[in-house]
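Inspection log for the structure reproduced underneath, given as structure tokens.
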């Protein structure tokens with residue numbers, strides 16, 4: 049079966065020939081066709097193929113995510129990275145998630161690692177609404193503080209043990225802020241869509257140059273392919289300690 053199941057909704061790029069058979073599956077109640085994705089806010093075009101309504105609750109790694117597939121994105125290809133990030137923080141950490149979305153990384157970290165504080169920043173009002181609902185749904189209100197706004201314009205001065213930059217697009221434009229938010233010795237998780245010939249060299253060098261502008265050095269802790277983004281281009285993440 050091609051497509052991805054989000055909650056009880058099957059999301060496809062092309063209407064499947066065996067749609068009648070798929071609709072017999074007990075866990076699929078609705079089918080939507082996904083079109084183009086637009087802008088920094090990553091808002092999808094969708095067409096309802098079967099059923100009514102586009103809100104659902106998706107469960108992953110013992111976390112619950114309320115989502116409207118007509119308003120915000122869900123990437124199945126990031127499942128492994130969400131699982132990895134859920135295990136990394138320590139209990140005494142302060143974390144800033146600069147592109148929180150509906151809580152893709154924030155919720156798993158809060159549920160499983162229970163750090164001291166996560167500041168979850170989101171610029172898209174639709175995503176922010178679901179972020180707030182998911183914080184309540186997963187009972188992590190005491191850990192997560194949601195912030196509606198531009199992650200580049202926040203008043204954090206070297207407060208974070210860990211900063212997530214889990215957006216791919218023009219992520220490098222936000223590196224100055226991401227590094228400024230980090231304490232000495234804090235860890236930056238920097239995501240990028242990178243052509244294969246410069247798979248990890250480009251993101252590492254971008255972080256290095258941004259750190260040097262602030263008189264800081266770096267130590268590369270980890271480099272990882274998350275998924276293929278397009279022919280010859282990968283969604284990558286580098287974990288870099290900023291000293």
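Residue numbers (the numbering used here): 49 to 291. The beta carbon of each residue, even a glycine, is placed where N, CA and C say it ideally should be. All values derive from a computational prediction rather than experimental measurement.
Just mark residue i as buried or exposed, buried being the case when its beta carbon has 16 or more other beta carbons within 10 Å.
{"i": "residue 240", "result": "buried"}
{"i": "residue 295", "result": "With the chain running from 49 to 291 in the structure shown, residue 295 is simply not present."}
{"i": "residue 163", "result": "buried"}
{"i": "residue 218", "result": "exposed"}
{"i": "residue 269", "result": "exposed"}
{"i": "residue 74", "result": "exposed"}
{"i": "residue 114", "result": "buried"}
{"i": "residue 222", "result": "buried"}
Should residue i and residue j be called a contact, given that it needs their Cβ atoms to be closer than 7 Å?
{"i": "residue 186", "j": "residue 159", "result": "yes"}
{"i": "residue 144", "j": "residue 167", "result": "yes"}
{"i": "residue 157", "j": "residue 137", "result": "yes"}
{"i": "residue 229", "j": "residue 248", "result": "no"}
{"i": "residue 55", "j": "residue 105", "result": "yes"}
{"i": "residue 288", "j": "residue 227", "result": "no"}
{"i": "residue 97", "j": "residue 81", "result": "yes"}
{"i": "residue 142", "j": "residue 209", "result": "yes"}
{"i": "residue 178", "j": "residue 150", "result": "yes"}
{"i": "residue 199", "j": "residue 133", "result": "no"}
{"i": "residue 281", "j": "residue 271", "result": "no"}
{"i": "residue 259", "j": "residue 224", "result": "no"}
{"i": "residue 108", "j": "residue 274", "result": "no"}
{"i": "residue 250", "j": "residue 242", "result": "yes"}
Rank the options by C-alpha distance to the C-alpha of residue i and give the top, closest one.
{"i": "residue 148", "options": "251, 237, 255 and 50", "result": "237"}
{"i": "residue 101", "options": "69, 112, 177 and 117", "result": "117"}
{"i": "residue 175", "options": "122, 107, 273 and 111", "result": "122"}
{"i": "residue 193", "options": "202, 180 and 200", "result": "180"}
{"i": "residue 265", "options": "252, 79, 58 and 70", "result": "252"}
{"i": "residue 246", "options": "202, 284 and 83", "result": "284"}
{"i": "residue 206", "options": "215, 277, 267 and 232", "result": "232"}
{"i": "residue 94", "options": "111, 214 and 62", "result": "62"}
{"i": "residue 189", "options": "244, 202 and 165", "result": "165"}
Quick one: measure Cβ to Cβ for residue i and residue j, integer angstroms, because I've assumed they're closer than 8 Å.
{"i": "residue 76", "j": "residue 58", "result": "5 Å"}
{"i": "residue 79", "j": "residue 60", "result": "7 Å"}
{"i": "residue 211", "j": "residue 234", "result": "7 Å"}
{"i": "residue 152", "j": "residue 83", "result": "The pair is not a contact, with the Cβ atoms about 21 Å apart (cut-off 8 Å)."}
{"i": "residue 135", "j": "residue 161", "result": "7 Å"}
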